[in-house]
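The listed protein sequences correspond, in order, to chains A and B.
Per our numbering, residue 1 is the first one in the first sequence, and the count goes up by one each step.
Per our numbering, residue 1001 is the first one in the second sequence, and the count goes up by one each step.
Reviewing the structure listed below.
2 protein chains.
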Amino acid sequence: MGWEQDIGEADRMWRTYIEMAKHLGSHLQQHLQRECDLSAADFEVLVRLTESERREMPVAEVAVATQWEKSRLSHQLTRMAQRGLVERVDSDDRRYPDVRLTDKGYAAIDKAVPEHTELVHALFIDVLGPERLAGFAQACADVLRALDEHRERDCSL
Amino acid sequence: MGWEQDIGEADRMWRTYIEMAKHLGSHLQQHLQRECDLSAADFEVLVRLTESERREMPVAEVAVATQWEKSRLSHQLTRMAQRGLVERVDSDDRRYPDVRLTDKGYAAIDKAVPEHTELVHALFIDVLGPERLAGFAQACADVLRALDEHRERDCSL
DNA sequence: GTGGCCGGGTTGATACATCAACCTGAACAC
DNA sequence: GTGTTCAGGTTGATGTATCAACCCGGCCAC
């Protein structure tokens, strides 16, 4: 065979990235869970909802913002509604109900965002400094573009 | 010089990274699932097992390699055993059983690794090129170090 | 109007992650 | 031997992710 033994420099760097992504992600997630009793999914939904003036928006809009599948979002909203973080609201067209941030949900995200942001700065932004951060972000953007092109090619086959 | 970078800009760069990590991860995972019928977790376990000469190792060793909790690993091995990818083997000390790659498991990982590697090159390594890749990996290593220090501080409190 | 279409939402089944509780058998003390 | 300890493994409960199947209400054709 041979692929097992032949791990090149580039592959080691790939593994470094994977390690970093895994650890950074789980660290942030654990912080949110411990300090604010919010999962990463909760956090994301709540953030999207605060981006609306009225703390309320159509479910479909949340779906677009998070890029989640409709069923995942539906399950998530059910759980969050059970915990009192959001509530479902019937709108004029009964096919497309809205979701609204409750006071409890607002309190939760209001506490979580500053802490989360602080952690992101301490662990990522300030570690890299502005120059390297810009280079890093550019690299991420390039990878994203490559991903889009790859997906396009896949679909057109 | 420019250390007082606009907060909003750093924030956008952080979001770019998050987007990239999310999309790249899910793309690789979907590929594995579709083409090879393996989850990311399956893939990781199988790769670790191939790193052993005899396609067999103590469960604890897999736990160390993957850095998973013992219960997560146990559940995972149960599911993989049910699907015939691995099998549990009693060793001399019956407290610490081994896991062995089955022929089916070997065939699966033998197909998956080259395809996965190729994708990683096309979407990440070749996109960045050697120079930027090295810078990127260095940045990841620095973030990892910051994470470790942060964890230490947390524990020593 | 009535019936079919269709986009968006919900539900159920299955796989996976995480936590807590429990089991198990070797090792050690006595 | 008997009992205790303890590292390592398993199990169950709960929360989460994904897929497929279904539902539902407005819309359009006729």
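Virtual Cβ for every residue (Gly too), placed ideally from N, Cα, C.
Enclosing beta strand (DSSP E) for residue i [first to last residue]
| i | result |
| --- | --- |
| A/Pro-97 | That residue, A/Pro-97, is in no beta strand (DSSP E); it is neither H nor E in DSSP. |
| B/Glu-1056 | 1056 to 1058 |
Residue i, buried or exposed, once every other Cβ within 10 Å from all chains shown has been counted against 16
| i | result |
| --- | --- |
| B/Ala-1137 | buried |
| B/Gln-1076 | buried |
| B/Val-1089 | exposed |
| A/Gly-105 | buried |
| B/Ala-1107 | exposed |
| B/Ala-1139 | buried |
| B/Ala-1021 | buried |
| B/Ala-1163 | Residue 1163 of chain B falls outside the range modelled here, since chain B spans only 1001 to 1157, and no answer is possible. |
| B/Ala-1122 | exposed |
8 Å Cβ shell around residue i - same chain, five flanking residues per side excluded
| i | result |
| --- | --- |
| A/Ser-91 | Pro-58, Pro-97, Asp-98 |
| B/Ala-1112 | Leu-1032, Glu-1035, Cys-1036, Leu-1038, Phe-1043, Leu-1046 |
| B/Glu-1051 | Ala-1065 |
Neighbourhood of residue i by C-beta, 6 Å cutoff - its chain only, sequence neighbours within 5 removed
| i | result |
| --- | --- |
| A/Ala-65 | Arg-48 |
| B/Gly-1002 | Model confidence at B/Gly-1002 stands at a pLDDT of 49, short of 50, so the residue's coordinates are unreliable; what they give is reported in the following sentence. None. |
Same chain, Cβ closer than 7 Å to residue i, five either side skipped, listed in chain order
| i | result |
| --- | --- |
| A/Arg-54 | none |
| B/Leu-1119 | Leu-1028, His-1031 |
| A/Arg-100 | Arg-55, Glu-56, Val-86, Glu-87, Val-89 |
| A/Ala-63 | Lys-70, Leu-73 |
| B/Thr-1102 | Gly-1084, Leu-1085, Val-1086, Glu-1087 |
| B/Ala-1040 | Gln-1029, Leu-1032 |
| B/Ile-997 | Since the first residue shown for chain B is 1001 and the last is 1157, residue 997 of chain B is missing from the structure and cannot be characterised. |
| B/Leu-1133 | Ile-1125 |
| A/Asp-6 | Since pLDDT at A/Asp-6 reaches only 47, below the 50 mark, its modelled position is unreliable, and no value is offered. |
Residue i - containing alpha helix (DSSP H), residue span
| i | result |
| --- | --- |
| A/Leu-38 | No alpha helix (DSSP H) contains A/Leu-38, which DSSP labels as neither H nor E. |
Original post:
Mind pulling the alpha helix (DSSP H) runs of 4 or more residues that sit fully within the region 95 to 153 of chain A?
Top reply: Annotation note: the region 95 to 153 of chain A contains the following uninterrupted alpha helix (DSSP H) runs of length 4 or greater, listed N- to C-terminal: 103 to 120.
Subject >> Sequence ranges, beta strand (DSSP E) only - wholly within the region 1061 to 1090 of chain B, length at least 3 >> reply: Runs of the beta strand (DSSP E) lying entirely within the region 1061 to 1090 of chain B, each at least 3 residues long, are 1086 to 1089 in chain order.
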